[in-house]
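Residue numbers (our numbering): 3 to 143.
Inspection log for the structure reproduced underneath, given as structure tokens.
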């Protein structure tokens, strides 16, 4: 069981409060490919954004709503951006795609939107941050 993703990094750049940044120029920016021998379900999960030189990190909202020093990520396979990227498993991470075939129709295109915090810490201005979004494949039910 194995998957690949055509886009491995995303440099969001400088952001303002309460902004929405789309990954890429269309709703289907990255291609997820099942390179294994079984159909797979793929879940998506994220992390907090960690500041490079300070302690002004941004928390990833598990409910999809940005807040003060809290950001959100939502993903899509279609164009509705209804798949919330969570950092804690709680009731389970959200499915990005179910039953991705291992045959010749073994790809799914997807995208994300980044929702910036509604307020930043005063010492946070211009501070680079990094985080990780992970796609996890499991054998399809």
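Idealized CB from N, CA, C, for every residue including glycine.
As the structure is a prediction and not an experimental result, all values here were calculated from the model.
- Of the candidates 142, 136, 143 and 141, the residue whose Cα lies closest to the Cα of residue 47 is 136.
- Annotated three-state conformation of residue 125 is helix, per DSSP.
- Residue 61 and residue 102 do not touch by the CB rule: their CB atoms are close to 30 Å apart, not below 8 Å.
- Counting only unbroken stretches of 3 or more residues, the beta strand (DSSP E) elements lying wholly within the segment 26–70 are 32–36 and 42–48, in sequence order.
- In this structure residue 14 is exposed. Its beta-carbon is surrounded by fewer than 16 other beta-carbon atoms within 10 angstroms.
- In this structure, the alpha-carbon of residue 26 lies about 15 Å from that of residue 16.
- Sequence-distant partners of residue 8 (beyond 5 residues in either direction) whose C-beta falls short of 7 Å from its own C-beta, in its chain, are 32 and 33.
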